[in-house]
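Asker: Structure incoming, see below.
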Amino acid sequence: MRSLVLPEFTISRSEECDRCRACEHQCPFGAHTYDVSKDKMISDSYRCAGCQRCAVFCPKGAIEIRPAPSFYRPNASWSRERIEDIKRQAESGGVLLTGCGSDKPFRIYWDHMLLNASQVTNPSIDPLREPMELRTFLGSKPDRLSLRSDTDTATDPFLMVETPVLFSAMSYGAISYNAFQALAIAASRSGTFFNTGEGGMPSEMKSQFKKHAIVQVASGRFGIDAEYLNCAAAVEIKIGQGAKPGIGGHLPGEKVSQHVAATRMIPEGTDAISPAPHHDIYSIEDLEMLISAIKEVTNYEKPVIVKVAAVHNISAIASGIVRAGADILAIDGVRGGTGAAPKVIRDNVGIPIELAISSVDRRLRDEGIRERCSIIAGGGIRCSADVVKAIALGADAVYIGTAALIAMGCTLCQRCHTGRCSWGICTQDPGLMRRLNVDDASRRLVNLLSAWSHEIKEMLGGMGINAIESLRGNRDQLRGIGLHEWELDVLGIKGAGE
Amino acid sequence: MSVRRQKLYSKEICACSIFGAMSRAGERFTGERVIRAMASMHHRGNGLGGGFAAYGIYPEFREYYAFHLMFTGDARAQREAKRAAEEFLLRNFDVVHDEEIPHSDDVHVRDPPLLWRYFLSPSKHGEDIDLPDDEYVVRKVIHVNSAIDNAYIFSSGKNMGCFKGVGYPEEIGRYFMLDRLYRGYLWTAHGRFPTNSQAWWGGAHPFGLLDTTVVHNGEISSYGTNRWYLEMLGYKCTLHTDTEVLAYAVDLLMRRQDLPMEIVAKILAPPTWETIDRMDVRKRELLTALRRIYAPLLMNGPFAVIVAQSGRMIGLTDRIRLRPLTVATRGDMFYISSEEASVRLISPSLDSVWSPRGGEPVVCEIDGMFEGRLEHEIAGAA
Ligand code: SF4
Ligand code: SF4
């Protein structure tokens, strides 16, 4: 069926073009072709995903990709997106799939909170001259230290991070082997952790990276055996994900290469389907049993993380999870990324992470169980200030996914689900995958974490605080701007100037 | 502002002078020299708060908890507060003696509240019957301070008392006639420089629970973090000052959890990770565990404090020593002060004078004095 959707982008090529055909080679969607008879490059803007790969790699800088100026008659109710979604569905008859986190303009609360700084009554601290500590511990903490048995204090397993930023779950399969490796290397160099997602851990990486890996147990249970659970610093049970709460996963057979298949312990080329729920968890006591089983298998040496999507009654859910024995609670907000999700779910289900952190933290404090678990917040963390604000709202640390992909080259073109990622990140195509150099990508990730850490130190120093832990739940350091009363109440902060 | 948000942190900010004097031999002396020392640091306060804690002043009632209460508001409010508080006290305690706290009308102070003291012992019933005395008293104090309007218990230990109010410390000292009526073996004092002008007698230091009192110079930037942790454990931070959280942290760690001061100091003002990572295994593990478990009690920001308890006085600064603290000895006398000059004023020659390192507690006890006893504690724990 001929598509009636207008192209989203226009490709323009300047006089500089000397027909080297680099763009043709770079575009994984076949938007550029060379017409031999006319000795001319031809562009098909209908195919363009706006990934900017060709523009960056054109040796002459001759290509420019711009949002297409063409339009449907403007209509407040029928936006271009609504019109095009309908046309696409009329053409395909299926669920619209997409990649990346929601691009909808839900209020970004990070941008409505301002940080404090010391003036006169309290000196600010210069992080270049004074110690400034970002190290923190994730896991369940006892109420007190018993001095008589201080040698046994190591009973509660924990994760120690040198900076409160961890890489969130991105599975080998969804992302390429190179991207997966780059994350692992960067995590180990930066004193933090990467998360295998539900795709298992390639066996050759197990020994080298186990100290910095969080392995995931998701509803598909791919690649899970005792060895897998034990080749990690922590085990994460994935209940849900911000981009698709309540929805399972589907890795299409084309992405299941031989190596992916071996790692996931499934036949090559078969679809890897994760059911929506865990079929052994239909209620909170079932979760408790799975947590105990994992602890038993890992000899009580590893903290167990339970990851959930931020949904409406997240605080009650969080309380249940803590009581079920989770050491760490990971919450993923509505803007969390994904390799593939139904668009309608991604854009309509869940709540923003900022509100979720605050209400979960408050609920756990009210119940007196806040220290029985740590909170890792994810889904929409874009910069170091977001990290600082998340911690001031009550998180212990954050997960970043999208930010890490962008550091490696991702341009948020939202085509991850096609498996044709032009940057070699979200693909299993050997040719495309080779585009991502592991060394280079890991260096970019390490740099990103180091840059953010420096910025976090500057912000802490400005507040007169020299340990990140003194910021946790310190809402005093935040003020809201442009927010309604109810939003300030949920966030538990005052308005600017109050 | 919505009611819910009104209750959010509204921390007072202040800078101050602090002073402590103790006789290691347990000799009791009047507050006269302490008042003089404080007067010499007049400029560190602004007349909006001064106070003293004195230990060993009620030997005749040493078995009984000595409650100092203030009733604020207009005369009617004061009467009503006193009635409500007394009704509560009589229901929960045996009161053996009560009287107005003596004061001198010659000293002019602003809006003095009605000040009353009660000597009492717990009279437990119902589900409280099995509570230890101290815990029982703490709960009742927290109740009065958070639930009875205009009544505030500002001193609740045995054989000790706090005296505080709005004014310069030397005025407050003379108002309560500390130079004439009381003899204690340990005195701490505080002059306050709040940056807001709300003059409330209860807002002056010392703050305390039972016989632990704290005088504090500084601003705790981790207030929000410290506060939620303590509130989670049942404390109610009603006074909106960071000193209150210090007092509760000390109560939690020393009384409820029975940790020694040397460990407590490492919780409130821990060494940096850089230092910890270089320590030998045993010490490193202990300090790492402390920081892991008690991170929300780390007091961040500039502070110098003097914590006093029966028979002991402790000086501590924040871990990077952003507020001054000088320690001095002369014979049996032990001094801690914001300024050396104030010590020299009352004791011109001294045996030793030094500034303790950041995060290192200086502890003086009736039977001796030592610094940084952590080594000792580790050996003890082994
Ligand atoms: S999809 Fe990417 S590489 Fe292809 S034309 Fe568009 S911007 Fe260029
Ligand atoms: S990972 Fe690749 S396909 Fe996905 S949004 Fe980024 S650039 Fe596009």
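Residue numbers (my numbering), protein chains in the order written: chain A, 2 to 499; chain B, 5 to 386.
Cβ atoms here follow ideal geometry from the backbone N, Cα and C, with glycine treated the same way.
Note that the structure is a prediction, hence the values are computed from the model and not measured.
Would you say the beta carbon of residue 485 of chain A comes nearer than 7 Å to a heavy atom of ligand 1?
Answerer: No - ligand 1 has no heavy atom lying nearer than 7 Å to the Cβ of residue 485 of chain A.
Asker: To which residues does DSSP link residue 44 of chain A through a beta bridge?
Answerer: DSSP, once it has assigned bridges, lists A/33 as partnering residue 44 of chain A.
Asker: For my contact list, residue 123 of chain A and residue 306 of chain B are in at a C-beta cut-off of 8 Å; report their separation, rounded to the angstrom.
Answerer: 6 Å between Cβ atoms; contact.
Asker: How would you write the range of the beta strand (DSSP E) that residue 262 of chain B sits in, first residue to last?
Answerer: It is not in any beta strand (DSSP E) - residue 262 of chain B carries neither H nor E in the DSSP assignment.
Asker: Of the residues B/131, B/217 and B/136, which one's Cα is nearest the Cα of residue 165 of chain B?
Answerer: Ranking the options by Cα distance to residue 165 of chain B, first place goes to B/217.
Asker: What did DSSP end up calling residue 382 of chain A once you bin it into helix, strand or coil?
Answerer: Of the three classes helix, strand and coil, the one that applies to residue 382 of chain A here is coil, per DSSP.
Asker: Go to residue 513 of chain A, then tell me how far its alpha helix (DSSP H) extends in each direction, as first and last residue.
Answerer: Chain A is shown from 2 up to 499; residue 513 of chain A falls before or after that span and cannot be answered.
Asker: By how many angstroms is the C-alpha of residue 188 of chain B removed from the C-alpha of residue 151 of chain A?
Answerer: Legend: pLDDT at residue 151 of chain A = 48, less than 50; position of this residue unreliable, no value from coordinates given.
Asker: In chain order, which continuous runs of the alpha helix (DSSP H) of length 4 or greater are located wholly inside the region 284 to 353 of chain A?
Answerer: Correct list: 285 to 298, 315 to 324 and 344 to 347.
Asker: Report the neighbours of residue 146 of chain A on chain B: residues whose CB is nearer than 7 Å to its CB, in chain order.
Answerer: Correct list: 293, 294 and 297.
Asker: Can you look up residue 420 of chain A in the DSSP assignment and give me helix, strand or coil?
Answerer: DSSP places residue 420 of chain A in coil when its eight states are reduced to three.
Asker: Please work out which residues of its chain come closer than 8 Å, Cβ to Cβ, to residue 349 of chain B, disregarding the five sequence neighbours upstream and downstream, and give them in chain order.
Answerer: Here the set comprises 40, 41 and 44.
Asker: Using a Cβ cut-off of 9 Å, pull out every chain A residue sitting near residue 82 of chain B, in sequence order please.
Answerer: Per Cβ cutoff of 9 Å: no residues; residue 82 of chain B is ~31 Å from chain A at best.
Asker: Please list the residues of the region 135 to 146 of chain B that have a C-beta atom closer than 9 Å to any C-beta atom in chain A, keeping them in chain order.
Answerer: Listed by position, the residues of the region 135 to 146 of chain B near chain A (Cβ gap below 9 Å) amount to none.
Asker: Taking contact to mean at least 3 C-beta pairs separated by less than 8 Å, is the region 173 to 189 of chain A in contact with the region 445 to 456 of chain A?
Answerer: Yes, they touch.
Asker: Name the DSSP bridge partner or partners of residue 188 of chain B?
Answerer: Beta-bridge pairing links residue 188 of chain B to B/33.
Asker: Please classify residue 109 of chain B as buried or exposed, where buried requires at least 16 neighbouring CB atoms within 10 angstroms.
Answerer: Exposed is the call here.
Asker: Have a look at residue 262 of chain A and residue 312 of chain A and give me their C-alpha separation to the nearest angstrom.
Answerer: Approximately 33 Å, taken between the alpha carbons.
Asker: Counting only Cβ-Cβ distances shorter than 9 Å, please list the residues of the region 229 to 246 of chain B near chain A, keeping chain order.
Answerer: Listed by position, the residues of the region 229 to 246 of chain B near chain A (Cβ gap below 9 Å) are 229, 230, 231, 232, 233, 235, 236, 237 and 238.
Asker: Report yes or no: do the region 245 to 264 of chain B and the region 338 to 355 of chain B share at least 3 C-beta pairs separated by less than 8 Å?
Answerer: Not touching, per the Cβ criterion.
Asker: Let me know if residue 153 of chain A comes out buried or exposed under the rule of 16 or more other beta-carbons within 10 Å of its beta-carbon.
Answerer: In this prediction, residue 153 of chain A scores a pLDDT of 48, lower than 50, which makes its location untrustworthy; the coordinate-derived value is nonetheless stated afterwards. It counts as exposed.
Asker: Taking buried to mean at least 16 other C-beta atoms within 10 Å of its own C-beta, is residue 201 of chain B buried or exposed?
Answerer: Residue confidence is low: residue 201 of chain B scores 48 on pLDDT, short of 50, so the model does not pin down where it sits. No coordinate-derived value is stated.
Asker: Report yes if the CB atom of residue 302 of chain A is closer than 8 Å to the CB atom of residue 326 of chain A, and no otherwise.
Answerer: No, the pair does not count as a contact, with Cβ atoms beyond the cut-off.
Asker: Nearer than 7 Å: is that true of the beta carbon of residue 436 of chain A relative to any heavy atom of ligand 2?
Answerer: False, no ligand heavy atom lies under 7 Å from that Cβ.
Asker: Is it right to say residue 110 of chain A is buried, meaning 16 or more other beta carbons lie within 10 angstroms of its own, or is it exposed?
Answerer: Label assigned to residue 110 of chain A: buried.
Asker: Would you check if there are 3 or more beta carbon pairs closer than 8 Å linking the region 377 to 396 of chain A to the region 13 to 24 of chain A?
Answerer: No: the two stretches stay apart, fewer than three of their Cβ pairs being nearer than 8 Å.
Asker: Is the beta carbon of residue 366 of chain B sitting closer than 8 Å to the one on residue 318 of chain B?
Answerer: Yes. Within cutoff.
Asker: Cβ of residue 429 of chain A versus every heavy atom of ligand 2: is any distance shorter than 7 Å?
Answerer: Every heavy atom of ligand 2 is 7 Å or more from the Cβ of residue 429 of chain A, so no.
Asker: I'd like to know whether the C-beta of residue 460 of chain A is nearer than 8 Å to at least one C-beta of chain B.
Answerer: Cβ-Cβ to chain B under 8 Å: no for residue 460 of chain A.
Asker: Taking the alpha-carbon of residue 466 of chain A as reference, which of B/332, B/229 and B/311 has the nearest alpha-carbon?
Answerer: Of B/332, B/229 and B/311, the residue nearest in Cα terms is B/229.
Asker: Please confirm if residue 478 of chain A has its CB atom under 8 Å from at least one CB of chain C.
Answerer: Protein chains in the displayed structure are A and B, and chain C is not among them.
Asker: Return the bridge partner residues of residue 159 of chain B from the DSSP annotation.
Answerer: In DSSP, residue 159 of chain B forms a bridge with B/72.
Asker: Does any C-beta atom of chain A lie closer than 8 Å to the C-beta of residue 216 of chain B?
Answerer: Residue 216 of chain B does not count as touching chain A.
Asker: Under the assumption that residue 195 of chain B contacts residue 210 of chain B (Cβ atoms under 8 Å), give the Cβ distance between them as a whole number of angstroms.
Answerer: In fact, because the Cβ distance is near 12 Å, the residues do not count as touching under 8 Å.
Asker: Closer than 7 Å by beta-carbon distance: list the chain A residues that pair up with residue 276 of chain B, in chain order.
Answerer: Correct list: 132 and 134.
Asker: Just how far apart, CA to CA, sit residue 30 of chain B and residue 385 of chain A?
Answerer: Whole-angstrom Cα-Cα distance: 55 Å.
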